[in-house]
Each structure stands twice: as C-alpha cells, then as structure tokens.
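Q:
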Amino acid sequence: MHIDLLLSLIEVAATIAFALSGLIEATRKRMDIIGVLSVTFVSAFGGGTLRDVLLDRRPLFWVQHQEYVWLVLAMTLVAPLLLRAARHEIGDKLMEFADALGLGLFTISGASIALSAGMPPVIAILMGSLTAVFGGVSRDVLCNEIPKVFHDHRPYTMCTFIGCGIFLGLRELQLAPQLSTILGIVSITGLRLLALAQHWHIPPWPPEKR
Amino acid sequence: MHIDLLLSLIEVAATIAFALSGLIEATRKRMDIIGVLSVTFVSAFGGGTLRDVLLDRRPLFWVQHQEYVWLVLAMTLVAPLLLRAARHEIGDKLMEFADALGLGLFTISGASIALSAGMPPVIAILMGSLTAVFGGVSRDVLCNEIPKVFHDHRPYTMCTFIGCGIFLGLRELQLAPQLSTILGIVSITGLRLLALAQHWHIPPWPPEKR
Amino acid sequence: MHIDLLLSLIEVAATIAFALSGLIEATRKRMDIIGVLSVTFVSAFGGGTLRDVLLDRRPLFWVQHQEYVWLVLAMTLVAPLLLRAARHEIGDKLMEFADALGLGLFTISGASIALSAGMPPVIAILMGSLTAVFGGVSRDVLCNEIPKVFHDHRPYTMCTFIGCGIFLGLRELQLAPQLSTILGIVSITGLRLLALAQHWHIPPWPPEKR
C-alpha cells in the first residue's frame with residue numbers, strides 16, 4: 102500500500118476520533134447545535150490547522166479534503182442522537198479510547214508531514230505532538246476548562262514524545278514506512294491506554310525536597 | 102460601483118462596528134488605555150487576521166490599510182470620552198446594533214474574499230463565519246468572559262450561516278454582485294436584530310428526552 | 102559588529118529571559134515536566150512565532166535555530182533544580198528582571214525584523230510589541246491566570262511603544278544601527294524596571310468623572 106494512501110486513512114480515522122471527543126464534551130455542556138458543531142470542528146481540525154499554518158502548507162487539509170467538513174457536520178447532526186441511545190457509563194470509556202486513538206494517529210500523521218516538509222527529527226516530534234495535543238487544548242478552552250493535558254499529571258504528551266521517538270528510530274533502522282507508522286501509532290495509543298488503566302502519574306517538576 | 106470598492110467600504114464600516122463593541126466592553130472592565138487599545142484592536146482585526154492567515158493572504162488587511170490602525174487608535178483616544186457623555190442606557194442597545202452590523206459585514210466580506218481565493222462554497226461559508234465570530238470570541242477571552250457565542254443560546258453564528266447561504270444562492274442566480282452582497286449583509290444583520298428583539302433561543306443539542 | 106550577528110545575540114538572550122519567566126511560573130503551579138516544558142516553550146517562542154506567522158516568514162526562527170529548542174529543553178531539565186537551591190526571595194526580583202530584559206530584547210528584535218520585511222513604522226511598532234507581549238500572554242493563559250499585561254495597570258506594553266518610538270526615531274536620525282538597537286532595548290528595559298521600582302500606575306481609561 103502506498104504511504105500517502107496510508108496517511109490519508111490515518112487522517113480520516115484521527116479526524117473522526119478527535120471530533121467525537123469534542124462532540125461528547127460539547128453535548129455534556131448542553132451547548133446549542135452551533136456550539137456543538139464549533140467545538141467538534143475545532144477538536145477535529147485545531148491541531149492539524151496549527152501544524153499546517155506553522156509549516157506554511159496550503160490549502161489547509163480540511164480545505165483540500167472538503168469531505169472532512171461534511172463528515173464533521175454529519176457527525177454533529179447524527180452522533181448526539183446515537184450517543185443518547187447508548188448507556189451513559191459507556192461515555193467515559195468511549196471518550197478515553199477515542200482520545201487515545203486520536204493521540205496516536207494525529208501525532209504520527211503530524212510528524213510524517215513535518216518530515217516530508219524537510220524538518221529535522223526534533224522539530225518533527227514537536228510538530229507531531231502539537232498536531233495531537235492542540236485540538237484537545239482548544240476543545241477544553243472552548244468548554245471553559247483548564248486544558249487537562251497541563252494539570253492532570255497523567256501521561257499524555259509524554260506518550261507522544263516516546264511513541265514519536267520509536268517511530269523515528271524505526272525509520273532510521275530502514276523499517277518499511279507502513280510498519281514504522283503503524284508501530285508508532287500503536288505505541289502511543291497503547292501507552293496512553295496503559296497509563297490510564299494503571300493510573301500512572303507524573304510527579305510535579307522539580308520533585309519535592311526530602 | 103466596482104465590487105472591490107464596495108468590499109473596501111464594507112471593510113471600513115465593519116472595522117468601526119467591531120472596534121466599537123470591543124472598546125465598550127474594555128472600558129466597562131476599567132482597563133488602562135493600552136488595555137482598551139489592545140481589546141479594541143483585537144475585536145476589530147482578530148477575525149480578519151485569522152481569515153488572512155488561513156487563506157495565506159499577505160499583507161494582512163490592516164498592514165495593507167494602515168489607515169485602519171490609525172482609525173482604531175483615534176477611536177481609542179476619542180470614543181470613550183464621547184460615550185461617557187452619552188446616557189448609559191444607550192450603551193447596551195448601541196453595542197448590540199454595532200455587533201449585529203459587524204456580524205453581517207464581516208461575514209459577507211470574509212466569504213467574498215474566500216470565493217476570490219478560489220474556495221468552494223462550504224469553505225467560503227466557514228471563512229465568512231469565522232471572520233465575523235473570531236473577533237468577538239477573542240474580545241471576550243481577553244476580557245476573561247466565556248465567549249457569549251458559545252453559551253448564550255441566542256442565534257449568532259446561525260445568522261451568519263443562513264445569511265451566507267442566501268448570499269451564495271443569490272450569486273448562483275446571477276444576481277448583480279453588489280445586490281447579493283447588500284442582501285447578504287442585510288439578512289444577517291436583520292436576522293440577528295430580529296432574534297434579539299424577539300428573544301429567540303436555540304435549544305441545547307441534542308434535545309432533552311421526553 | 103555586523104547587525105545580523107547583533108540581532109542573533111539579542112534573540113538568544115531574549116529567548117533565555119522569556120523561557121526563564123515561563124519556567125518559574127510553571128514550576129510554581131507544580132506542573133509535571135511536560136507541563137513545565139510546554140509553558141517554557143510557549144513563553145520563549147510564542148511571541149516570535151506569532152510575529153513570523155503574521156509576516157509569513159518561514160522557517161520559523163525556532164525551526165531555523167534548532168539549538169534554541171535544545172536550549173529550552175536543557176533549561177527545563179536543569180534550571181528548576183538550580184532555582185530550588187537558590188533562596189526563594191530571589192525568585193520574584195529575578196523574574197521581574199528577566200521579564201523586563203525579554204520585553205526590551207523581543208520588542209526591538211521584532212520591530213527590526215518587521216522593518217527588514219518592508220513594514221512601515223506603525224506596523225513595526227505593533228509587531229515589536231506583539232513579539233514581546235504575546236509570549237507572556239500565552240504563558241499566563243496556559244497557567245490559567247488573566248494576562249497580567251491587561252489588568253495590572255502597570256506600564257508594560259506602554260514601555261514597548263515608547264522604546265520602539267525612540268528606536269525608530271534614532272534610526273531616522275541616521276544613528277548607527279547597533280547603537281539605536283542597544284538604546285532602544287535599554288530604554289524599554291529601563292522604563293519597565295523604573296516603573297516597577299517607582300510603583301507607577303496607569304489609570305483606567307477613560308478617567309473617572311469628577
């Protein structure tokens with residue numbers, strides 16, 4: 102399979118996952134349909150838009166792929182009704198999983214695009230993380246909550262750094278691009294889900310004096 | 102009248118309207134003159150700047166039209182003294198009207214610019230709305246208030262979608278550009294003022310179960 | 102000394118100063134190491150990034166100068182341990198000084214870059230101020246505080262306007278670029294420190310009726 106097609110599939114799946122996390126949070130805040138659409142839109146496209154602006158890529162990916170805009174619009178109209186039919190307990194787990202999937206997918210997609218634009222490894226890692234994290238940060242800001250990623254002491258951005266490092270290392274080892282892409286995504290999503298399941302915490306920095 | 106001249110006139114009037122809405126809110130917060138200038142500046146230029154960055158247009162419109170910067174500076178120096186002389190009750194109605202006018206003007210101006218840049222209709226609607234709404238969102242964020250547009254359940258962005266749809270529809274019908282522009286603006290500003298006068302509300306999405 | 106080399110040195114020093122102010126604030130909030138890194142990064146690079154995006158300069162200065170990214174990473178790892186060893190009373194004064202230094206350095210560096218890009222004086226002043234102020238604004242927003250610069254009624258942005266005016270005036274008078282650059286920085290940093298030492302306040306605008 103050609104690597105560009107793989108990247109496109111990654112982008113679609115990541116868009117759905119992040120849109121869903123925004124949609125769930127917005128409906129919980131009892132926003133109107135435009136508010137839900139706005140938060141869903143920003144959650145899905147915020148990180149990728151910032152990446153495209155910083156790398157000076159035009160057209161923006163949601164301009165080039167108008168179908169994403171229609172997808173988000175359709176999700177806004179249909180998904181809240183489907184979610185309401187589901188049990189409420191499912192909500193939290195579903196949102197955590199969608200978020201972890203989006204984290205892995207957006208990070209590796211962002212890092213790959215940065216590499217294609219000729220960026221060195223350290224910038225590719227930053228662009229990957231930023232692509233994944235900025236959508237969620239914008240979502241929380243629009244919902245008037247402190248961005249979770251900065252204050253919950255749970256591994257989140259840390260997972261993107263580690264998984265992105267694995268992805269770049271595998272590329273250096275001349276692994277097939279598809280395989281290193283898949284392994285990068287799996288390591289980030291897996292790390293995040295493992296961290297949540299095991300209740301891992303990152304201590305404050307610097308650590309307390311003894 | 103040439104359509105470019107019309108668009109320039111729209112931009113001047115929209116800049117004044119949005120600057121005024123920012124200026125009124127900043128003086129209510131008892132900011133210093135630099136704070137008032139900053140909020141006025143961001144209210145007037147925030148939406149258009151985001152539009153220009155997303156469409157990769159340079160120079161930015163306030164760089165190309167330096168006179169707008171001087172206009173906002175002059176307004177910051179003079180308008181608070183004039184407003185203080187006026188009755189306080191006028192303030193609320195004046196701000197609502199200025200805001201509704203800016204909403205219509207910026208939406209159609211933003212959508213027109215997006216069309217000129219070769220964007221398809223759905224992107225033009227998004228760019229138009231974003232041009233109109235992002236200035237106000239930034240204004241509220243700088244004044245440490247939740248953006249009204251996301252939580253007051255009043256039609257605001259909804260008006261830009263409908264009016265922008267009318268504008269694009271009239272263009273499809275080969276109406277003279279000036280006429281479709283004017284009708285687009287009037288429909289947005291009119292819808293917004295009507296919604297305020299009639300106390301229309303948009304319910305939460307999804308609607309409550311019965 | 103060539104003016105480009107001087108500007109590079111200015112940029113390094115300003116980056117350290119602003120990074121330090123972000124790092125101190127983030128460690129006070131007891132963030133984890135990723136949170137400290139993020140806030141330090143945004144404090145150091147936020148203003149310059151916005152300037153580069155608005156002027157459409159690529160690569161961004163922290164992409165072109167990867168060593169800055171490593172510098173900020175190294176500071177995040179080492180500086181909190183060094184700061185903890187120092188007395189706590191030093192913190193406030195050190196942060197005020199670092200912030201004032203960064204204010205002067207970033208303003209003149211931003212204005213110089215804007216002039217090199219062919220911007221007129223009024224836009225150069227805005228770009229200079231924005232380069233200096235936006236990093237701090239982003240830092241405060243990420244730390245969930247109202248940006249100090251908008252509500253503390255202390256001269257801050259005002260210093261950048263005055264010092265940038267002095268810088269542009271001296272250039273008009275054909276002073277050597279190095280000298281006008283140094284004098285511009287010194288006037289902004291000096292004004293800011295003087296304002297803090299003398300407890301100067303800017304009254305609300307418009308002033309209260311008598």
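Protein sequences, first through last, are from chains A, B and C. Mapped onto our numbering, the consecutive letters of the first sequence carry residue numbers 102 to 311. Mapped onto our numbering, the consecutive letters of the second sequence carry residue numbers 102 to 311. Mapped onto our numbering, the consecutive letters of the third sequence carry residue numbers 102 to 311. Backbone N, C-alpha and C fix where the C-beta goes; we use that ideal spot for every residue, glycine too.
How many Å lie between Trp301 (chain A) and Pro256 (chain A) at the Cα?
A: Taking the straight line joining both Cα atoms gives about 7 angstroms.
Q: Alpha carbons only, please: which of C:Trp163, C:Leu156, C:Met220 and C:Arg131 is nearest the one belonging to Ser144 (chain C)?
A: Nearest C-alpha to Ser144 (chain C): C:Trp163.
Q: Report yes or no: do the region 234-249 of chain B and the region 116-135 of chain B share at least 3 C-beta pairs separated by less than 8 angstroms?
A: These segments touch.
Q: Grouping DSSP H, G and I as helix and E and B as strand, with all else coil, what is Asp253 (chain A)?
A: In the structure shown, Asp253 (chain A) sits in coil (DSSP, three-state: anything other than H, G, I, E or B).
Q: List the residues of chain B that Thr258 (chain C) touches, going by C-beta distances under 9 angstroms, in chain order.
A: The contacting residues are Ile135, Gly136, Leu138 and Ser139.
Q: Looking at the structure shown, is Pro222 (chain B) part of a helix, part of a strand, or coil, going by DSSP?
A: Three-state result, Pro222 (chain B): helix.
Q: Have a look at Gln165 (chain A) and Ala118 (chain A) and give me their C-alpha separation to the nearest angstrom.
A: Cα to Cα, Gln165 (chain A) sits roughly 20 angstroms from Ala118 (chain A).
Q: Between Met132 (chain C) and chain A, is any beta-carbon pair separated by less than 8 angstroms?
A: It does; some Cβ of chain A falls within 8 angstroms.
Q: Kindly confirm or deny that the region 209-226 of chain B and the region 259-274 of chain B touch, where touching means at least three C-beta pairs closer than 8 angstroms.
A: Judged by Cβ distances under 8 angstroms, the region 209-226 of chain B makes contact with the region 259-274 of chain B, as three or more pairs qualify.
Q: Can you give the beta carbon distance from Leu204 (chain B) to Thr290 (chain B), rounded, assuming they're within the 8 angstroms contact cut?
A: Indeed, because the Cβ distance is near 6 angstroms, the residues count as touching under 8 angstroms.
Q: Going along chain B in order, which residues have a C-beta closer than 7 angstroms to the C-beta of Leu155 (chain C)?
A: Chain B residues near Leu155 (chain C): Leu161.
Q: Does the Cβ-Cβ distance between Ile303 (chain C) and Asp133 (chain B) come in under 8 angstroms?
A: In contact: Ile303 (chain C) and Asp133 (chain B) (Cβ atoms closer than 8 angstroms).
Q: Can you tell me which residues form a DSSP beta bridge with Asp133 (chain C)?
A: Paired residues: A:Pro305.
Q: Please report the Cβ distance between Leu207 (chain C) and Gly148 (chain C), rounded to the nearest whole angstrom; I am assuming they are in contact, meaning their Cβ atoms lie under 8 angstroms.
A: Note on residue identity: the sequence assigns Phe, not Leu, to residue 207 (chain C). With 8 angstroms as the limit, Phe207 (chain C) and Gly148 (chain C) qualify as a contact, their Cβ atoms being about 6 angstroms apart.
Q: CA-CA distance, Val250 (chain C) and Tyr169 (chain C)?
A: In a straight line, the C-alpha of Val250 (chain C) is about 26 angstroms away from that of Tyr169 (chain C).
Q: Ordered along the chain, which non-local residues of its own chain (more than five positions away) have a Cβ less than 6 angstroms from that of Leu80 (chain B)?
A: In this structure chain B extends from 102 to 311, so residue 80 (chain B) is not present and cannot be described.
Q: For Arg293 (chain A), is the classification buried or exposed, using 16 other Cβ atoms within 10 angstroms of its Cβ as the cut-off for buried?
A: The residue in question, Arg293 (chain A), is buried, as its Cβ has 16 or more Cβ neighbours within 10 Å.
Q: Which chain B residues are close to Val238 (chain A), counting only those with a beta carbon under 8 angstroms from its beta carbon?
A: Residues of chain B passing the Cβ test: none, with the nearest at roughly 14 angstroms.
Q: Mind pulling the alpha helix (DSSP H) runs of 4 or more residues that sit fully within the region 167-211 of chain C?
A: Within the region 167-211 of chain C, the complete alpha helix (DSSP H) runs of at least 4 residues are 167-186.
Q: Quick one: is Ile117 (chain C) near chain B, going by C-beta distance under 8 angstroms?
A: It does not; no Cβ of chain B falls within 8 angstroms.
Q: Going straight from the alpha carbon of Gly236 (chain A) to that of Ser122 (chain A), what length do you get?
A: Using only the alpha carbons, I get a separation of about 10 angstroms.
Q: Compare the C-beta of Phe142 (chain A) with all C-beta atoms of chain C and state if any pair is closer than 8 angstroms.
A: No, Phe142 (chain A) does not count as interfacial toward chain C.
Q: What is the C-beta distance between Pro305 (chain C) and Arg131 (chain B), in whole angstroms, given that I count them as a contact (C-beta under 8 angstroms)?
A: Indeed they touch by this definition, with Cβ atoms about 4 angstroms apart.
Q: Would you identify the three-state DSSP class for Cys260 (chain C), choosing helix, strand or coil?
A: In the structure shown, Cys260 (chain C) sits in a helix (DSSP, three-state: H, G or I).
Q: Leaving out five residues on either side along the sequence, give the residues of the same chain with a beta carbon under 8 angstroms from the beta carbon of Phe262 (chain A).
A: Result list for Phe262 (chain A): Ile226 and Ser230, in chain order.
Q: Checking contacts by CB at 8 angstroms: is Val223 (chain A) closer than that to chain C?
A: So yes, Val223 (chain A) belongs to the interface.
Q: Just verifying my parser: in three-state terms, what is the DSSP assignment at Asp105 (chain A)?
A: Helix.
Q: Using CA coordinates, which residue listed in B:Leu271, B:Gln299 and B:Gln275 is at the minimum distance from Leu209 (chain B)?
A: The sequence given here has Ile at residue 209 (chain B), not Leu. The option with the nearest alpha carbon to Ile209 (chain B) is B:Leu271.
Q: Within 10 Å of its beta-carbon, does Gly219 (chain C) have 16 or more other beta-carbons around it, so buried, or fewer, so exposed?
A: Label assigned to Gly219 (chain C): exposed.
Q: Looking at the structure shown, is Glu246 (chain B) part of a helix, part of a strand, or coil, going by DSSP?
A: Three-state result, Glu246 (chain B): coil.
Q: Rounded to the nearest angstrom, what separates Asp200 (chain B) and Ile214 (chain A) at their Cα positions?
A: Asp200 (chain B) and Ile214 (chain A): Cα-Cα distance of roughly 40 angstroms.
Q: Would Phe146 (chain B) count as contacting chain A if we go by Cβ distances under 8 angstroms?
A: Not one chain A Cβ lies under 8 angstroms of Phe146 (chain B).
Q: What is the DSSP secondary structure of Arg159 (chain B), counted as helix, strand or coil?
A: In this structure, Arg159 (chain B) counts as coil in the three-state DSSP scheme.
Q: Alpha carbon to alpha carbon, how far is Asp157 (chain A) from Thr116 (chain A)?
A: So the alpha carbons of these two residues sit roughly 20 angstroms apart.
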